[in-house]
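Enquirer: Structure in structure tokens, see below.
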Amino acid sequence: AQKITQTQPGMFVQEKEAVTLDCTYDTSDPSYGLFWYKQPSSGEMIFLIYQGSYDQQNATEGRYSLNFQKARKSANLVISASQLGDSAMYFCAMRGRNTDKLIFGTGTRLQVFP
Amino acid sequence: DTAVSQTPKYLVTQMGNDKSIKCEQNLGHDTMYWYKQDSKKFLKIMFSYNNKELIINETVPNRFSPKSPDKAHLNLHINSLELGDSAVYFCASSHAQGSSYEQYFGPGTRLTVT
Chain A
301 AQKITQTQPG MFVQEKEAVT LDCTYDTSDP SYGLFWYKQP SSGEMIFLIY QGSYDQQNAT
361 EGRYSLNFQK ARKSANLVIS ASQLGDSAMY FCAMRGRNTD KLIFGTGTRL QVFP
Chain B
550 DTAVSQTPKY LVTQMGNDKS IKCEQNLGHD TMYWYKQDSK KFLKIMFSYN NKELIINETV
610 PNRFSPKSPD KAHLNLHINS LELGDSAVYF CASSHAQGSS YEQYFGPGTR LTVT
């Protein structure tokens with residue numbers, strides 16, 4: 301069975317600082333994808349970044365990067381130069397090769413303060 | 550130019566009623582999904598359809614019936630609503646097959662059953 305674990309229910313970071321949101325996963329699929337989504341207070345789910353299990357390099361998208369450590373089964377999201385607008389819930393998710401469904405973690409609420 | 554749209558955004562109804570939520574995507578995706586987000590923000594898949602064919606049905610009560618008239622639409626009909634059905638329901642879409650495709654979410658429908 302696939303499982304995503306986010307152990308940080310809440311995180312605080314000061315504006316312009318970097319922050320790491322933790323995500324560990326468990327799967328027996330040899331091929332899988334890892335995703336991060338942002339859910340601001342307005343409620344929509346916004347796709348941020350994707351990492352494939354066979355990708356050699358860590359994914360980056362602007363201020364977002366994914367610290368992928370396959371042996372440790374972790375896929376942490378790093379947000380650099382935090383902005384007030386980054387305050388939101390962040391969800392880590394996984395999708396196996398042979399399934400269409402995303403398995404989500406419980407989320408981390410990030411609050412950025414001035 | 551909304552990619553995935555849902556109507557209505559808010560739905561307040563009484564126990565025992567029947568209601569529907571509509572979803573449309575204009576991304577040309579083959580696969581559409583319904584997810585439920587509970588009061589603790591936990592997201593779980595309910596159904597997925599690929600080209601109008603039901604692919605995933607995740608132990609959802611029979612009172613929930615998805616219908617896909619074409620691959621751009623996936624509606625969710627709920628019979629005999631119960632208090633526990635109160636949640637945010639998200640529609641999503643993606644390309645089919647392969648773990649590398651992110652899912653794009655609609656804005657969500659907040660269902661409140663009184």
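Protein chains in written order, with the numbering used here: chain A, 301 to 414; chain B, 550 to 663.
The C-beta atom is built at its ideal place from N, Cα and C for all residues, glycine as well.
1. Going by DSSP, name the residue or residues bridged to Met389/A.
2. Whole angstroms is fine: what's the gap from Lys503/B's alpha carbon to Met389/A's?
3. Can you confirm whether Glu344/A, when its beta carbon is compared against all beta carbons of chain B, has any partner nearer than 8 Å?
4. Just reading off the beta strand (DSSP E) that Tyr559/B is part of, what are its end residues?
5. Are three or more beta carbon pairs between the segment 581 to 598 of chain B and the segment 617 to 637 of chain B nearer than 8 Å?
6. Could you tell me whether any non-hydrogen atom of the ligand FMN is closer than 7 Å to the CB of Leu625/B?
7. Would you mind reading off the limits of the beta strand (DSSP E) that contains His626/B?
8. Give me the Cα-Cα distance between Leu592/B and Glu607/B, rounded to the nearest whole angstrom.
9. Thinking C-beta only, is Lys568/B closer than 8 Å to Ile627/B?
10. Please confirm whether Leu402/A has its beta-carbon closer than 8 Å to some beta-carbon of chain B.
11. Nearest chain A C-beta to Phe639/B closer than 8 Å, yes or no?
12. Is it buried or exposed for Lys316/A, if we count other Cβ within 10 angstroms and need 16 for buried?
13. Within 10 angstroms of the Cβ of Phe312/A, are there 16 or more other Cβ atoms? Answer buried if so, exposed if not.
14. I'd like to know if Thr524/B contacts chain A, where contact means its C-beta is closer than 8 Å to some C-beta of that chain.
15. From the DSSP output, in three-state form, read off Leu510/B for me.
Expert: Quick answer:
1. Gln339/A, Arg409/A
2. Here chain B has residues from 550 to 663 only, and residue 503/B is not among them.
3. yes
4. 559 to 562
5. yes
6. You won't find the ligand FMN in this model; it holds no ligand whatsoever.
7. 622 to 627
8. 13 Å
9. yes
10. yes
11. yes
12. exposed
13. exposed
14. This structure cannot settle anything about residue 524/B, because the visible part of chain B is limited to 550 through 663.
15. In the structure displayed, chain B extends from 550 to 663; residue 510/B sits before or after that span and is not available.
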